[in-house]
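Trainee: One structure coming up, written as structure tokens, with questions to follow.
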Amino acid sequence: MRSMTKRKASSEPPSSESTRKRPRRDIKLSDEDPTILLNELDSDSASESENIPEICPEDITVAIFCALSYEAVAVKYSLDEEYACRPSSIGPQKYVYSYGRIKHHNVVITRPHYMGTVQAAHCASAVRQQFPNMQFAITVGTGSAISAASSSDIRLGDVAVGIPRDNHPGVIQYDFGKYEQDGFTLKGCLSKPPGILISADGSLEEDEEMGKSRLKKFLKRITRKSRWGQPMTYDASLNDRLDRMDEKVRDNQSESTIDSEQLCSWRSPVVHRGLILSGNGVVNNLRDSQIFRRGYKNSICFETESAGIMDEIPCLVVRGICDYADTHKQEGWHRYASAVAAAYCKAVLYKVPEQITEDTKAVRILAETVQQLSNQLKYIYERVHDLEQSSNKSHPKYKQSDNSIREITQVKKELLEEEDRSREENKTTRQYNFHAPVVFCENATSQEQMNT
50 MRSMTKRKAS
60 SEPPSSESTR
70 KRPRRDIKLS
80 DEDPTILLNE
90 LDSDSASESE
100 NIPEICPEDI
110 TVAIFCALSY
120 EAVAVKYSLD
130 EEYACRPSSI
140 GPQKYVYSYG
150 RIKHHNVVIT
160 RPHYMGTVQA
170 AHCASAVRQQ
180 FPNMQFAITV
190 GTGSAISAAS
200 SSDIRLGDVA
210 VGIPRDNHPG
220 VIQYDFGKYE
230 QDGFTLKGCL
240 SKPPGILISA
250 DGSLEEDEEM
260 GKSRLKKFLK
270 RITRKSRWGQ
280 PMTYDASLND
290 RLDRMDEKVR
300 DNQSESTIDS
310 EQLCSWRSPV
320 VHRGLILSGN
330 GVVNNLRDSQ
340 IFRRGYKNSI
350 CFETESAGIM
360 DEIPCLVVRG
370 ICDYADTHKQ
380 EGWHRYASAV
390 AAAYCKAVLY
400 KVPEQITEDT
410 KAVRILAETV
420 QQLSNQLKYI
430 YERVHDLEQS
440 SNKSHPKYKQ
450 SDNSIREITQ
460 VKKELLEEED
470 RSREENKTTR
480 QYNFHAPVVF
490 CENATSQEQM
500 NT
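Sequence positions in the sequence shown follow the working numbering and run 50 to 501.
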């Protein structure tokens with residue numbers, strides 16, 4: 050017995066107090082409880098989501114496509130209000146969207162998975178399917194300026210907009226065509242931007258001539274954010290130089306003849322309208338830049354997504370100039386160029402009149418009316434169905450009701466019979482009590498005679 054009690058005592062776990070005094074050395078004790086931290090994060094996210102109003106997918110009328118994260122952030126900074134939405138999808142959801150409002154336009158902001166026109170086309174197709182009332186799109190991002198364009202002085206921080214001219218639709222895909230022995234032949238033609246966006250851009254151009262453009266105002270709101278302002282210095286890596294081509298392209302003009310004041314002067318963003326070249330690669334050398342221009346001498350810049358979107362959703366291409374296609378890539382201007390493009394996108398949407406969304410509102414009201422009628426018809430159908438069931442006594446529900454009624458009737462009948470029986474017994478008892486001696490003797494005598 051002693052040995053058993055000793056083994057039992059030795060097998061007991063140590064007390065909780067001793068466990069607290071000697072924590073495991075391989076576990077790092079933190080000051081904050083992870084469960085508490087997770088609960089705080091969940092509560093913060095829940096409170097944030099509660100403050101954001103939610104809209105229906107049918108209310109989205111404008112799509113804004115961006116290729117990179119800082120491009121999408123610039124557009125988010127330009128929103129007048131942020132929204133939440135829960136679009137439906139056929140099959141698995143492939144994209145995560147952001148939602149908001151610019152003036153009276155409800156917009157969705159999205160990014161393709163990877164660079165290139167094919168990925169952009171897949172993204173545009175998903176947006177078109179999930180937001181049925183989509184009217185048009187705007188692609189917002191950065192682009193590489195073609196400095197060899199003789200008719201324009203394009204600098205870092207300017208804006209390039211794809212506007213149709215006599216010989217082009219505003220955007221062409223420079224790498225789509227047929228490679229023959231004699232050279233490359235460009236094939237295909239992309240859709241033009243929507244007429245309402247071309248008209249809005251024309252109105253902005255008039256405001257620029259009159260000095261009433263809202264571009265600076267909208268840009269100031271974005272550049273107040275940290276790291277989004279204009280570069281403060283022109284160092285070697287950010288130098289916005291006009292001698293960005295070799296001497297042959299500059300008509301043998303030497304670097305010493307270029308005005309030094311032009312090299313360092315800062316100016317507000319200037320909007321350049323014309324042809325934008327779209328393709329699947331980044332162009333950053335003079336040779337390829339000259340080849341891919343395909344004879345379009347007045348082309349403005351290169352970019353890598355819009356050609357895949359324009360045939361899926363009618364769109365306007367807006368690009369902020371962050372570097373040059375014929376020199377080395379520069380990283381310092383990307384955020385500011387994205388901010389300029391986002392500000393111009395907002396200025397365009399502010400010009401689009403509100404009546405363009407009246408059809409969408411009418412469709413929304415019609416859809417709500419149809420839904421109400423559907424609910425009413427459903428209620429009427431259920432009532433008629435219940436009436437049909439009530440007339441059919443064979444229905445299990447009414448069988449059960451009939452059985453209950455029968456049981457109640459049977460119990461009531463038994464109670465009445467029991468009451469009558471008790472009355473008879475009481476009556477018989479009173480009779481027995483009145484004739485008791487006589488009846489008892491008679492019964493006894495008769496009983497004895499029967500026994501004999």
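For glycine and all other residues, C-beta sits at the position ideal for the given N, C-alpha and C. Note that the coordinates shown come from a computational prediction; the quantities given were computed from them, not determined experimentally.
Kindly provide the ranges of any beta strand (DSSP E) runs that are 3 or more residues long and lie completely inside the stretch 123-151, ordered along the chain.
Mentor: Fully enclosed beta strand (DSSP E) runs of 3 or longer: 130-134 and 147-151.
Trainee: Work out the CA separation of C172 and E120 for me, nearest whole Å.
Mentor: C-alpha separation (whole angstroms): 16 Å.
Trainee: Does the Cβ-Cβ distance between V389 and R204 come in under 9 Å?
Mentor: Taking 9 Å as the Cβ cut-off, V389 and R204 do not qualify as a contacting pair.
Trainee: List the endpoints of the continuous alpha helix (DSSP H) containing H3.
Mentor: Nothing about residue 3 can be reported from this structure: the residues present for the chain run from 50 to 501 only.
Trainee: Quick one: using the 10 Å Cβ neighbour count with 16 as the cut-off for buried, is D207 buried or exposed?
Mentor: Classification for D207: buried.
Trainee: Look at the alpha carbon of F185 and the alpha carbon of E431, and state the distance between them as a whole number of angstroms.
Mentor: So the two alpha carbons sit approximately 43 Å from each other.
Trainee: Tell me whether I271 sits in a helix, a strand or coil according to DSSP, three-state version.
Mentor: DSSP places I271 in helix when its eight states are reduced to three.
Trainee: Between which two residues does the alpha helix (DSSP H) containing R336 stretch?
Mentor: Its alpha helix (DSSP H) spans residues L335 to F341.
Trainee: Just list the residues that DSSP pairs V111 with in beta bridges.
Mentor: Bridge partners of V111: V156 and F185.
Trainee: Who pairs with Q222 in a beta bridge, going by DSSP?
Mentor: Bridge partners of Q222: S327.
Trainee: Taking 9 Å as the threshold (C-beta atoms), are D372 and S338 in contact?
Mentor: No.
Trainee: Please say whether L326 and E352 have beta carbons closer to each other than 9 Å?
Mentor: Cβ distance < 9 Å, so E352 and L326 count as in contact.
Trainee: Alpha carbons only, please: which of A170, I113, S193 and I429 is nearest the one belonging to H383?
Mentor: Per the Cα distances, S193.
Trainee: Which residue's Cα is closest to the Cα of P243: G237, G251 and K236?
Mentor: Nearest option by C-alpha distance: G251.
Trainee: Would Y132 and I104 be called neighbours here (beta carbons separated by less than 9 Å)?
Mentor: Result yes, Cβ atoms of Y132 and I104 sit closer than 9 Å.
Trainee: Compute the beta-carbon to beta-carbon distance between R343 and L235, rounded to the nearest angstrom, for a pair I have assumed lies under 8 Å.
Mentor: With a Cβ gap of about 5 Å, R343 and L235 count as contacting.
Trainee: Going by C-alpha distance, which of V332, N216, I271 and P363 is nearest D224?
Mentor: It is V332.
Trainee: Which first and last residues belong to the alpha helix (DSSP H) in which D372 is found?
Mentor: Note, D372: premise wrong, no alpha helix (DSSP H); beta strand (DSSP E) at C364 to Y373.
Trainee: Among Q438, K400 and K462, which one has its Cα closest to the Cα of I245?
Mentor: For I245, the nearest C-alpha among the options comes from K400.
Trainee: Using the C-alpha atoms, what's the distance from F267 back to G190?
Mentor: The alpha-carbon atoms of G190 and F267 are separated by roughly 16 Å.
Trainee: Evaluate N155 with the Cβ neighbour count: other Cβ atoms within 10 Å of its Cβ, from every protein chain shown; 16 or more gives buried, anything less gives exposed.
Mentor: With 16 or more Cβ atoms within 10 Å of its Cβ, N155 is classed as buried.
Trainee: Between which two residues does the alpha helix (DSSP H) containing E166 stretch?
Mentor: Note that residue 166 is Thr in the sequence shown, not Glu. T166 to Q179 is the extent of the alpha helix (DSSP H) around T166.
Trainee: For L205, report the span of its beta strand (DSSP E) as first-last.
Mentor: Premise fails: L205 is in no beta strand (DSSP E) and is neither H nor E.
Trainee: Identify which residue in P136, V157, I340 and R160 has its Cα closest to the Cα of F233.
Mentor: Of the listed residues, the one whose Cα sits closest to F233 is I340.
Trainee: Please classify D469 as buried or exposed, where buried requires at least 16 neighbouring CB atoms within 10 angstroms.
Mentor: Under this definition D469 is an exposed residue.
Trainee: Rounded to whole angstroms, how far is the Cβ of V157 from the Cβ of V176, which I believe are closer than 8 Å?
Mentor: Correct: roughly 7 Å between the Cβ atoms.
Trainee: What whole-angstrom Cβ distance do G330 and A356 have, given they're in contact under 8 Å?
Mentor: Contact flag wrong, Cβ pair sits at about 12 Å.
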